[in-house]
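Numbered continuously in the working numbering, the sequence shown closes out at residue 184. For each residue, glycine too, the CB sits at the ideal point set by N, CA and C. The model shown is predicted, which means the values in this text are computed figures rather than measured ones. What follows is a short report on a single structure.
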Amino acid sequence: MANLEARIRMAAESILDNEALRSGLNDEEAARVLLNWGVSWAKTLAGQTADIEDDEQADEAAYPRLRALRGLMTALKDLSLAEDWPVETMQETVQSLTEHAGTLYGQTWQPPADLEQQVRHILQTADVRTRLKMLLDLLGGLPGSDIPPQANQSPAPTAPAKEEMTPQPQGLLARLFRRWRGE
Numbered sequence: 002m003a004n005l006e007a008r009i010r011m012a013a014e015s016i017l018d019n020e021a022l023r024s025g026l027n028d029e030e031a032a033r034v035l036l037n038w039g040v041s042w043a044k045t046l047a048g049q050t051a052d053i054e055d056d057e058q059a060d061e062a063a064y065p066r067l068r069a070l071r072g073l074m075t076a077l078k079d080l081s082l083a084e085d086w087p088v089e090t091m092q093e094t095v096q097s098l099t100e101h102a103g104t105l106y107g108q109t110w111q112p113p114a115d116l117e118q119q120v121r122h123i124l125q126t127a128d129v130r131t132r133l134k135m136l137l138d139l140l141g142g143l144p145g146s147d148i149p150p151q152a153n154q155s156p157a158p159t160a161p162a163k164e165e166m167t168p169q170p171q172g173l174l175a176r177l178f179r180r181w182r183g184e
């Protein structure tokens, strides 16, 4: 069980310590929502390796979905920050989002038929935080459920519980930034 706890901790830290996943997100609440969502998924994915004794094999088993999680988080962040993007750039990012979500959620996940149109509508929202929350709602499927909801169903809320709202990044840069801000 100690190996599993270490895997879960390392998976969560891999999200929290990855500055690229939140670079450009100047809205702290938006960054917190994205990180909490990502950490929740990372913990779930690492937890799914409980029956694998060998750490190397467990890493190999979780790697494709953890990689998809990071790619999906990047696409979500990029879309939430999008301003005056050419149509091709938006289409490429939506395609990336769809591919990564398919890998993360599994074969049962189906994007809405009008995903690109819904994303265009979301991008008309001025607030980055609102965009991000709407994009997460559009994807549906929270970790912990055996089968994520289909994207055309009412998505489950993505906001974590109040006590989980403030994961603190643990990397050197994060600690220096908190010190600089006087936290």
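Nearest neighbour of G25, chosen from L77, W38, L140 [CA to CA]: For the purposes of this step, residue 25 is taken as residue 24 along the sequence shown, with counting starting at 1. Per the Cα distances, L77.
Own chain residues within Cβ distance below 7 Å of T94, not counting five before or after: Taking the sequence shown and counting its residues from 1, one reaches residue 94 at position 93. So the qualifying residues of the chain are A76, D79, L80.
First and last residue of the uninterrupted alpha helix (DSSP H) at W42: Taking the first residue of the sequence shown as 1, we reach residue 42 at position 41. Per DSSP, W42 belongs to the alpha helix (DSSP H) from 29-48.
N-terminal and C-terminal residue of the alpha helix (DSSP H) that D18 is part of: Taking the first residue of the sequence shown as 1, we reach residue 18 at position 17. Here D18 belongs to no alpha helix (DSSP H), and DSSP marks it neither H nor E.
Segment contact, 8 Å Cβ cut-off, at least three pairs: the segment 3-18 with the segment 33-44: yes
8 Å Cβ cutoff met for M91 and L35: Against the sequence shown, residue 91 aligns to sequence position 90. Against the sequence shown, residue 35 aligns to sequence position 34. No. Outside cutoff.
Cβ shell of R132 (< 6 Å), same chain only, five flanking positions each side left out: Numbered from 1 along the sequence shown, position 131 holds the residue referred to as residue 132. Within the same chain, R132 has close Cβ partners S81, I123, T126.
Complete alpha helix (DSSP H) runs within the segment 87-139 (minimum length 4 residues, chain order): 88-106, 116-124
Residues near R130 in its chain [Cβ-Cβ closer than 6 Å; skip 5 each side]: Against the sequence shown, residue 130 aligns to sequence position 129. Hits under 6 Å: D28, E30, A31.
Presumed contact (8 Å Cβ cut-off) between L22 and R66, rounded CB distance: As a first step, residue 22 must be located in the sequence shown, where it is residue number 21. As a first step, residue 66 must be located in the sequence shown, where it is residue number 65. So it is not a contact: roughly 16 Å between Cβ atoms.
DSSP three-state assignment for D52, whether helix, strand or coil: Taking the first residue of the sequence shown as position 1, residue 52 is located at position 51. Of the three classes helix, strand and coil, the one that applies to D52 here is coil, per DSSP.
Spatially closest choice to L98 from Q49, Q58, V120, by CA coordinates: Against the sequence shown, residue 98 aligns to sequence position 97. Of the listed residues, the one whose Cα sits closest to L98 is V120.
Closest by C-alpha distance to Q96, when choosing among Q118, I53, T109, Y64: Residue numbering aside, residue 96 sits at position 95 when the sequence shown is read from its first letter. Of the candidates Q118, I53, T109, Y64, the one whose C-alpha sits nearest the C-alpha of Q96 is Q118.
Burial state of A7, where buried means 16 or more other Cβ atoms lie within 10 Å: Position 6 of the sequence shown, counted from the start, is the residue given in the question as residue 7. Classification for A7: exposed.
Coarse secondary structure for A83, derived from DSSP in three states: Residue numbering aside, residue 83 sits at position 82 when the sequence shown is read from its first letter. Three-state DSSP puts A83 in coil, outside helix and strand.
Secondary structure of L73, DSSP reduced to three states: For the purposes of this step, residue 73 is taken as residue 72 along the sequence shown, with counting starting at 1. Reduced to three states, the DSSP call for L73 is helix.
Exposure of T109, with buried meaning 16 or more beta-carbon neighbours within 10 Å: Counting from 1 along the sequence shown, the entry for residue 109 is found at position 108. Per the 10 Å Cβ criterion, exposed.
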